[in-house]
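What follows is one structure encoded as structure tokens, with my remarks underneath.
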Amino acid sequence: MTKFSPKKTLLLAGAGHAHIGMLRRLSAARLKDADTIDADIHLISEQPQTIYSGMLPGWMAGHYQLHDISIDIKSLCVRAGVRFIQQSLVQVNAASNKVVTTGDKQTDFDYDVLSLNTGADTDMRWLRDHKDQNDYRSDSDDRDANTDVIAIRPLSTFITQWQRILKDAQSSEKYQLAIIGAGAAAIELVMAAQVALRNINRNHQVTLVCGENLLSGFNSSFRQRVIKQLHRHDITIIRERATDYRDGKLSTTHKSLPINAVIAATGVIGSAWTASTDLEIEGDGFIAVNDKQQSVSHPNVFAVGDVATRVDKYVAHSGVHSVHGGAVEADNLMAYLKESVMKSYQPKSRTLYLLSCGDKYAIGSWGNVNLQGRWVWHLKKYIDKRFIEADKD
113 MTKFSPKKTL
123 LLAGAGHAHI
133 GMLRRLSAAR
143 LKDADTIDAD
153 IHLISEQPQT
163 IYSGMLPGWM
173 AGHYQLHDIS
183 IDIKSLCVRA
193 GVRFIQQSLV
203 QVNAASNKVV
213 TTGDKQTDFD
223 YDVLSLNTGA
233 DTDMRWLRDH
243 KDQNDYRSDS
253 DDRDANTDVI
263 AIRPLSTFIT
273 QWQRILKDAQ
283 SSEKYQLAII
293 GAGAAAIELV
303 MAAQVALRNI
313 NRNHQVTLVC
323 GENLLSGFNS
333 SFRQRVIKQL
343 HRHDITIIRE
353 RATDYRDGKL
363 STTHKSLPIN
373 AVIAATGVIG
383 SAWTASTDLE
393 IEGDGFIAVN
403 DKQQSVSHPN
413 VFAVGDVATR
423 VDKYVAHSGV
433 HSVHGGAVEA
443 DNLMAYLKES
453 VMKSYQPKSR
463 TLYLLSCGDK
473 YAIGSWGNVN
483 LQGRWVWHLK
493 KYIDKRFIEA
503 DKD
């Protein structure tokens, strides 16, 4: 008598760039009646829609409507033949092949293979209370150190808070907004915010608090181009470390500023659930993976995007690597289920980076080559819209 192996369960946790790409691949395969993964596939996401971070500054500046930068994950799951589960991930117990979620109620889900693409949390450890530095609180306490500060992540929450900022600015004679961060995301946000607030009232002002390491991962020519754009927008730049925000006052190393709202775009740390997982963790709470985007401690678990970090080489947390690494990870999930050879993700030495400057102007970087202009913004718009509308073709 022939024995049939039970169909395996593939669990996709999170709806980031990588899983979006995988859902689109599965959907296209179903339309063509082509071979796909022989497994029961489920996707867990807190929200039925995903906000595309690459177009968020354009939405803030008023160039896009919210539906222009959203991807309907629930509908994409239906087309891909994937069960959609609207829950929040709270624990991964890799030893027992189980994840725990919460929503209307806490639920356990078993899996044979797990793929993590949940993103990460905003790093709020720069916030300190008024205690001696030696009495600095633990990382877990710092996550909720000051609820007055608006974290850029999760994006779904930020969307609501940004709309509230605009409403408050409508009724203010001089609205003061500060954005904390020194990376490209903070730069894009600060210029988009300045455009949006100045469209409401020319007296409104945005301040960038960036410390000394502004755009440290880019070459000096690119940094100088960005600084000129910040000056063009009349953005105040404070090259000091932010230390606290409370009672309408933002404290930096040597200053105290009256500020109506503060947005933190201060890099990422691992999501809160990583503190209690038995998966091997690297650095600030990231899932440790190898060149195949596979957990170094549990080979039936894969992770890609901001939730993960490579142990064999440095790979920056960015959308570019999430998309390209995610494509390799999708291949490897199929290969793992079929017990065939997996691929290695080797990032290219040069990648195209396009930084929007608020008013339909952008700066581009390709290795040591830097370009700027309105045509660069339209190129970025074209690339972004191709990603958003890929499943509508």
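The sequence shown lines up with residues 113 to 505 when you count with our numbering. Every residue, glycine too, gets a C-beta built ideally from N, C-alpha and C.
Handout entry: Three-state class that DSSP yields for H410 in the structure shown
Key = Counting from one through the sequence shown, the residue named residue 410 turns up at place 298. In the structure shown, H410 sits in coil (DSSP, three-state: anything other than H, G, I, E or B).
Practice task
Within 10 angstroms of the Cβ of Q245, are there 16 or more other Cβ atoms? Answer buried if so, exposed if not.
Solution key: The count along the sequence shown starts at 1 and reaches residue 245 at position 133. For Q245, the predicted model reports a pLDDT of 38, less than 50, meaning its position is unreliable and no value from the coordinates is stated.
Handout entry: Through-space distance from L326 to A304, alpha-carbon basis
Key = Stepping through the sequence shown from its first residue, residue 304 is reached at position 192. Stepping through the sequence shown from its first residue, residue 326 is reached at position 214. C-alpha separation (whole angstroms): 18 Å.
Exercise for the section: Report yes if the C-beta distance between E394 and T421 is below 7 Å; otherwise report no. Expected result: Numbered from 1 along the sequence shown, position 282 holds the residue referred to as residue 394. Numbered from 1 along the sequence shown, position 309 holds the residue referred to as residue 421. Result yes, Cβ atoms of E394 and T421 sit closer than 7 Å.
Handout entry: Segments of 3+ residues assigned as beta strand (DSSP E) that fall wholly inside the segment 118-182
Key = You should have 120-125, 151-157 and 161-163.
Exercise for the section: Drop a sphere of 10 angstroms on the beta-carbon of H129, count the other beta-carbons inside from all chains shown, and report buried for 16 or more, exposed for fewer. Expected result: Taking the sequence shown and counting its residues from 1, the one referred to as residue 129 is at position 17. Answer is buried; the Cβ neighbour count reaches 16.
Handout entry: S452 classed as buried or exposed, judged by whether at least 16 other C-beta atoms fall within 10 angstroms
Key = As a working mapping, residue 452 is identified with position 340 in the sequence shown. Answer is exposed; the Cβ neighbour count stays below 16.
Problem - Option in Q161, P169 and A281 with minimal Cα separation from L466 - result: Position 354 of the sequence shown, counting from 1, holds the residue named residue 466. When each option's Cα is compared against that of L466, the closest is P169.
Problem - Cβ-based neighbour list, N209, same chain, cut-off 8 Å, excluding 5 preceding and 5 following - result: In the sequence shown, residue 209 corresponds to position 97, counting from 1. Around N209: D222, Y223, D224, L226 and N412.
Problem - Close-in-space but distant-in-sequence residues of the same chain around K243 (CB under 6 Å, 5 per side omitted) - result: Here residue 243 refers to the residue found at position 131 of the sequence shown. Since pLDDT at K243 reaches only 38, below the 50 mark, its modelled position is unreliable, and no value is offered.
Practice task
Could you tell me which residues DSSP pairs with P370 in its beta bridges?
Solution key: For the purposes of this step, residue 370 is identified with residue 258 of the sequence shown, where counting begins at 1. Answer is K361, bridged to P370.
Problem - Residue from Q405, V432, K460 and D418 with nearest C-alpha to A442 - result: For the purposes of this step, residue 442 is taken as the residue at position 330 of the sequence shown. Comparing Cα-Cα distances from A442 to each of Q405, V432, K460 and D418, the minimum goes to Q405.
Practice task
Could you tell me how far apart the beta carbons of A376 and G293 are, in whole angstroms, since I believe they sit closer than 8 Å?
Solution key: Residue numbering aside, residue 376 sits at position 264 when the sequence shown is read from its first letter. Residue numbering aside, residue 293 sits at position 181 when the sequence shown is read from its first letter. 7 Å between Cβ atoms; contact.
Exercise for the section: To the nearest angstrom, report how far apart A384 and L123 are at their CA atoms. Expected result: Here residue 384 refers to the residue found at position 272 when the sequence shown is read from its first residue. Here residue 123 refers to the residue found at position 11 when the sequence shown is read from its first residue. Their Cα atoms are separated by approximately 20 Å.
Practice task
Report the option in W238, W487, S200 and T463 whose CA atom is closest to the CA atom of N229.
Solution key: Taking the first residue of the sequence shown as 1, we reach residue 229 at position 117. It is S200 whose Cα lies nearest to the Cα of N229.
Exercise for the section: Report yes if the CB atom of I399 is closer than 7 Å to the CB atom of V419, and no otherwise. Expected result: Sequence index remark: in the sequence shown, residue 399 carries index 287 (1-based). Sequence index remark: in the sequence shown, residue 419 carries index 307 (1-based). The answer is yes: Cβ separation under 7 Å.
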